[in-house]
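First comes the structure, then the notes that go with it.
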Amino acid sequence: MSTAVAGVAQAHEAVHHEESFIRKYIFSFDHKTIGIQFLFTSLFMGIIGGTLALLIRLQLAWPGRAWPILGALMPNAFPNGIMRPDIYYSLVTMHGTIMVFFVFTTALVGGFANFLIPLQIGARDMAFPLLNMLSYWLYLPASIIMLSSFFVDGGAPGTGWTAYPPLSALQGAAPGTGLGQTLWLVALFLMMVSFLLGSLNYITTTLNMRAPGLSMSRLPLSVWALVVTATVSLLSFPVLLGAAVMLLADRHLGTSFYLPAGIVLGGRELLHTGGDPLLWQHLFWFLGHPEVYILILPAMGMVSEVMATHARKPIFGYRFMVGSMLAIALLSFLVWGHHMFTSGMHPLLGTAFMATTLVIAIPSAIKAFNWLATLWGGKIRFTPPMLFAIGFVSMFVTGGLTGLVAGSPPISIYFHDTYFIVAHFHFVMASAALFGLLAAVYHWFPKMFGRMMNERLGRWHFWFTFLGIYGTFFPMHFMGTAGMMRRIYSPEPYAFLADIQPLNVISTVSALVLGFSQVLFLINLFYSLFRGPKADRNPWQATTLEWLAPSPAPHGNWDEGIPEVYRWPYDYSVPGASQDYIPQHVPDVAVEAEAPQSVSGNGVAEAGDSASEGEGES
Amino acid sequence: MSTLLGEAVKRGRAGSPVKELGRKTRPALRPNGRNGSGGGSNGGMGGPGGAGARAPILSNGRVGLWFLLGSITMLFGGFTSTVLVRRLADDWSVMPIPSMVWASTAALILSSITAEVARRQLRSGRIEGALNWISVTAVGGLLFVAGQWMAWQQLLGQGIMIQSSARSGFVYLLMAVHALHVIGGIVGLTLVYRKVTRLRGAVAMAAANGGGVPLALAGGRGAIESLSNFNTYWHFMGGLWIYLLILLFVS
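Protein chains in written order, with the working numbering: chain W, 27 to 644; chain B, 43 to 293.
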């Protein structure tokens, strides 16, 4: 299949012409448009996923309370304004699924890999533009199908985002295990195929289409992160794809891949024999664990990029940053068992999974220290992207430390399925990915739309989000330690949870603050889209290639021909240079010619095109 | 750690030009052009080595193909692990190989050979022959899919359905998933066929305009490349099928 598309790519390369509206904005082959499509669809899904989370929190803080407004809006789900228990499980399931697969994965990778890779490596477009378009046009129907499960008979599935059989494999075992679960599986299937197409593109483009002089050791860390992520998804998604096909077969064709003998449903014994529900857990987590790195690696890469730019310093330990990403990617395939310590696995196997899990702390710590060392002594500009990048490190460290706790079997068995785990992954994966994503949006918005976002609103957004997240998730550590279980409709029936109910209220109030403060972001985003001040080519005075292109970059990206690369991407505050940044496309000759000027105090960087002018002077 | 931070501080204050004036090269620890395409050879200037100097080792199609095959390997690797676990259960039973499977296997192996013949024909410039052999290959692929379908009918005739046993579940499922990949290959092959016909047109036009045929043939490298990529995929599908045959039917 890919062979045929290569021809299309070449033909496309030759003619970058004016395009019709449909070709330009809807069925676009342009990587930037596709990236923005991914980003905005993910944003829409994020609003839905976030709203579901707020409904969950309302129920947990004030279980059984009637909310007349919700009753009026959704009389079925909230009879008399009180949430139905099965609706609660649907909300939990859909919140997890949407946030993991349809928001963060697609925004960070689908959005930014598409947008950034060709721009940062100096290419005109992706290697296979047709596959790229298909990848978005599989993602969009997948999103629609996923959401449609809310509206079918029986409602959305309530089996958790992990969809463990037997519950998920038996139609009619619970509300939502009928058509809703089938739609869930179909949507996930389409989304994974979409992702495989995208990943093929990201890898091939990065390996083959770099500008002259841009060796792999000169790649921006964001590109490294995205291409490593693509490799991880290319190797882990197929396994879940196969697992999902087998689950569909168990549901609809009567096979017994996951279903053991002796299941009685509705008073009737089913005909299944010999299947093993644990098989699904193994297959699911073989993807599921790499999946959390699929979220966090792109965030790590883009945060490194943002941090170097706004601290005006080279990233500390470039090689170690790349190496630790590769190490994390490799280890991600060897740790899935730590999700299953309570499944009755052999203690020796559990110990092996503990060892691989704890080893991940080493590359993670390398990265955390390298970010801190990058900040150390830098001339930090506290712009919104920088604030979110620093916030990312905070989230990652907070969540990473509890990962060490949860990674060892004796402790994990106690914490399994408690709010301690909820706190852990909401910090290390969800919040960190959110901060990485927001840092990236604030940083690359000027390149996407040619306008600047409002800094003041951005700062307010940061502080509300930062405090909101700590307020929401930090108390959950204590709830989990006190024994509060995950996925309970109401803590009320459990006497031992009565004392921690105030923590639930704190968490919910913070979540509401967090949720509504995102409105600041949406206002900023859409206002700036149309009314923001115009951005010039290089508003952040950054070094990487995308800032050489016009803002917004036109179809074909480079108005002055494909750039050549002469240096690594982090030449900030180079001694003797006239400015505190030297873009990648500036030859050394040009820098040396300018060097004497810097002694006479002309060291302050000018905004905009000064970089390309510098090249002209040489 | 303190030394690391010390290094960071030094580099953070690197803006003061006086101390560093004599140093035209970059600070230590940073990757320079040495790994680049000959960038380091021209006196440490770290240049790009001239425009267009860096041709990729493998074409886009080739790189994409290898990663696609890696991905398919993981898919069937996942299935394999499931089979290996599932066959430990007590309901794992012996199952006869439906005779049609031998015919379809033969069709797939033969089509791999004809695909190779087609590639040789195209490489030596016999476009017409290549087109014929491509057609034969596509027919071989279709025969394979039809043979698999008839094998299913044989199984159904014996009363073996997908839900009958643990093994039959895998047999039906993996045969279907593999056949879908083969059908995908046939779709790809029709696109290769179109590419080769376009090449035939270009060569005919060059001949009509007097000479220039070798030049047009040189332009046929894309077509040869596409066919080679298809062949790799096709051989992979053949090998995969023989592997599945052993996995599914040998107990």
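Backbone N, C-alpha and C define an ideal beta-carbon position, used for all residues, glycine too.
Keep in mind that this is a model prediction, so the values were computed, not measured.
| task | Could you tell me if W/Y468 is buried or exposed, where buried requires 16 or more neighbouring beta carbons within 10 angstroms of its beta carbon? | result | As a position in the first sequence, residue 468 of chain W is number 442, starting the count at 1. Under this definition W/Y468 is a buried residue.
| query | In angstroms, rounded to a whole number, what distance separates the CA positions of W/A139 and B/V292? | reply | One-based indexing of the first sequence puts residue 139 of chain W at position 113. One-based indexing of the second sequence puts residue 292 of chain B at position 250. W/A139 and B/V292: Cα-Cα distance of roughly 44 Å.
| query | Is B/F291 close to chain W, meaning its C-beta is less than 8 Å from at least one C-beta of that chain? | reply | In the second sequence, counting from the first residue as 1, residue 291 of chain B sits at position 249. With 8 Å as the cut-off, B/F291 does not count as an interface residue toward chain W.
| message | Beta-carbon within less than 7 Å of W/F263's beta-carbon, same chain only, minus the 5 sequence neighbours each way: which residues are those? | response | One-based indexing of the first sequence puts residue 263 of chain W at position 237. Answer for W/F263: M218, F221, L222, L313, listed in chain order.
| field | Exposed unless 16 or more other CB atoms sit within 10 angstroms - verdict on B/N271 | value | Residue mapping note: residue 271 of chain B aligns to position 229 of the second sequence, counting from 1. So B/N271 ends up on the buried side.
| said: Would W/P528 and W/W573 be called neighbours here (beta carbons separated by less than 8 Å)? | reply: For the purposes of this step, residue 528 of chain W is identified with residue 502 of the first sequence, where counting begins at 1. For the purposes of this step, residue 573 of chain W is identified with residue 547 of the first sequence, where counting begins at 1. No, the pair does not count as a contact, with Cβ atoms beyond the cut-off.
| Going by other Cβ atoms of all chains shown within 10 Å of its Cβ, with 16 needed for buried, is B/V229 buried or exposed? | Taking the second sequence and counting its residues from 1, one reaches residue 229 of chain B at position 187. Exposed, because fewer than 16 other Cβ atoms sit within 10 Å of the Cβ of B/V229.
| Contiguous beta strand (DSSP E) assignments of at least 3 residues, all confined to the stretch 233 to 286 of chain B | none
| query | Out of W/R482, W/I82, W/P595, which has the shortest C-alpha to C-alpha gap to W/K26? | reply | Here chain W covers residues 27 to 644 and nothing more, so residue 26 of chain W does not appear.
| said: Just to confirm my understanding: we take B/Y275, look at its own chain, exclude 5 residues before and 5 after, and list those with CB closer than 6 Å. What are they? | reply: The residue you call residue 275 of chain B lines up with position 233 of the second sequence. Excluding sequence neighbours, B/Y275 sits near G227.
| 8 Å contact criterion, which B/F109 and W/L80 should meet: CB distance rounded | Mapped onto the second sequence, residue 109 of chain B falls at position 67. Mapped onto the first sequence, residue 80 of chain W falls at position 54. That belief does not hold up - the Cβ atoms of B/F109 and W/L80 are roughly 40 Å apart, past 8 Å.
| query | For W/Y51, is the classification buried or exposed, using 16 other Cβ atoms within 10 angstroms of its Cβ as the cut-off for buried? | reply | To locate residue 51 of chain W, count along the first sequence from 1; it is residue 25. Result: exposed.
| Cβ pair W/P286, W/V135 closer than 8 Å | Sequence index remark: in the first sequence, residue 286 of chain W carries index 260 (1-based). Sequence index remark: in the first sequence, residue 135 of chain W carries index 109 (1-based). Taking 8 Å as the Cβ cut-off, W/P286 and W/V135 do not qualify as a contacting pair.
| request: Following the continuous alpha helix (DSSP H) through W/L460, name the residue where it begins and the one where it ends. | output: Taking the first residue of the first sequence as position 1, residue 460 of chain W is located at position 434. Segment 458 to 475, the alpha helix (DSSP H) holding W/L460.
| task | Anything in the stretch 184 to 214 of chain B with a Cβ closer than 7 Å to a Cβ of chain W? List those residues in chain order, please. | result | I204, Q205, A208, G211
| said: Using the Cβ count rule (16 or more neighbours within 10 Å means buried), how would you classify B/R294? | reply: Residue 294 of chain B lies beyond the range of chain B shown here (43 to 293); nothing can be said about it.
| field | Test: W/N583 CB closer than 8 Å to a CB of chain B | value | If you number the first sequence from 1, residue 583 of chain W lands on position 557. For W/N583, not one C-beta of chain B is nearer than 8 Å to its own C-beta.
| Bounding residues of the alpha helix (DSSP H) (the contiguous stretch that carries W/A378) | By one-based count along the first sequence, residue 378 of chain W stands at place 352. It spans 373 to 385 - the alpha helix (DSSP H) in which W/A378 sits, taken as one unbroken run.
| said: Just to confirm, is the Cβ distance from W/M333 to W/T400 under 8 Å? | reply: Position 307 of the first sequence, counted from the first residue, corresponds to residue 333 of chain W. Position 374 of the first sequence, counted from the first residue, corresponds to residue 400 of chain W. Yes.
| field | Short Cβ contact (8 Å threshold) for W/S169 with W/T67 | value | Residue mapping note: residue 169 of chain W aligns to position 143 of the first sequence, counting from 1. Residue mapping note: residue 67 of chain W aligns to position 41 of the first sequence, counting from 1. Contact: yes.
| said: Pop quiz: W/F414 and W/A394 are said to be a contact at Cβ under 8 Å. What is the actual Cβ separation, rounded to whole angstroms? | reply: By 1-based counting over the first sequence, the position of residue 414 of chain W is 388. By 1-based counting over the first sequence, the position of residue 394 of chain W is 368. That belief does not hold up - the Cβ atoms of W/F414 and W/A394 are roughly 16 Å apart, past 8 Å.
| query | What is the DSSP secondary structure of W/H560, reduced to helix, strand or coil? | reply | Walking along the first sequence from the start, residue 560 of chain W turns up at place 534. Residue 560 of chain W is actually Lys in this sequence, not His. W/K560: strand per DSSP, three-state reduction.
| query | For W/Y607, which residues does DSSP report across the bridge? | reply | In the first sequence, the residue the question calls residue 607 of chain W occupies position 581. W/Y598, per the DSSP bridge assignment.
| message | What does the Cβ neighbour count give for B/N251, buried or exposed, with the cut at 16 atoms within 10 Å? | response | The count along the second sequence starts at 1 and reaches residue 251 of chain B at position 209. B/N251 comes out exposed.
| said: So the candidates are W/I143, W/P580, W/G181, W/L214; which of them puts its Cα closest to the Cα of W/V253? | reply: Position 227 of the first sequence, counting from 1, holds the residue named residue 253 of chain W. With distances taken between Cα atoms, W/V253 lies closest to W/I143.
| said: W/S536 and W/M502 - do their beta-carbons sit closer together than 8 Å? | reply: Within the first sequence, the letter at position 476 stands for residue 502 of chain W. Within the first sequence, the letter at position 510 stands for residue 536 of chain W. Against a cut-off of 8 Å, the Cβ pair of W/S536 and W/M502 comes out as no contact.
| task | Please classify W/W362: is it buried, with 16 or more other beta-carbons within 10 angstroms of its beta-carbon, or exposed? | result | Locating residue 362 of chain W in the first sequence gives position 336, where the first residue counts as 1. In the assembly as shown, W/W362 is a buried residue. Its beta-carbon has 16 or more other beta-carbons within 10 Å.
| message | What residue range does the alpha helix (DSSP H) around W/A98 cover? | response | The count along the first sequence starts at 1 and reaches residue 98 of chain W at position 72. The continuous alpha helix (DSSP H) containing W/A98 extends over residues 94 to 99.
| request: Confirm, please, whether the CB-CB distance from B/S146 to B/G189 is below 8 Å. | output: For the purposes of this step, residue 189 of chain B is taken as the residue at position 147 of the second sequence. For the purposes of this step, residue 146 of chain B is taken as the residue at position 104 of the second sequence. Contact flag set, yes.
| Which term fits W/I60, buried or exposed, when burial requires 16 or more other beta carbons within 10 angstroms of its beta carbon? | For the purposes of this step, residue 60 of chain W is taken as the residue at position 34 of the first sequence. The Cβ neighbour count for W/I60, taken over all protein chains shown within 10 Å, is at least 16; the residue is labelled buried.
| Residue range of the unbroken alpha helix (DSSP H) whose run includes W/I354 | Position 328 of the first sequence holds residue 354 of chain W. Here the alpha helix (DSSP H) through W/I354 covers 344 to 357.
| Relative to the C-alpha of W/I108, which residue among W/L304, W/V329, W/I392, W/L86 is closest? | As a working note, residue 108 of chain W is residue 82 in the first sequence. The shortest Cα separation from W/I108 among W/L304, W/V329, W/I392, W/L86 belongs to W/L86.
| Nearest chain B C-beta to W/V126 closer than 8 Å, yes or no? | Here residue 126 of chain W refers to the residue found at position 100 of the first sequence. So no, W/V126 is outside the interface.
| Among W/M71, W/M235, W/F542, which one has its Cα closest to the Cα of W/P589? | Taking the first residue of the first sequence as 1, we reach residue 589 of chain W at position 563. Here the closest residue by C-alpha is W/M235.
| query | At a CB-CB cut-off below 7 Å, which residues of chain B make contact with W/S282? | reply | As a working mapping, residue 282 of chain W is identified with position 256 in the first sequence. At a beta-carbon threshold of 7 Å, the residues of chain B lying near W/S282 are A208, G211, ordered along the chain.
| task | Give the C-beta separation of W/G513 and W/V118 to the nearest angstrom, bearing in mind that I take them to be a contact with Cβ-Cβ under 8 Å. | result | For the purposes of this step, residue 513 of chain W is taken as the residue at position 487 of the first sequence. For the purposes of this step, residue 118 of chain W is taken as the residue at position 92 of the first sequence. The sequence shown places Arg at residue 513 of chain W, rather than the Gly named in the question. W/R513 to W/V118, Cβ: 6 Å. Contact.
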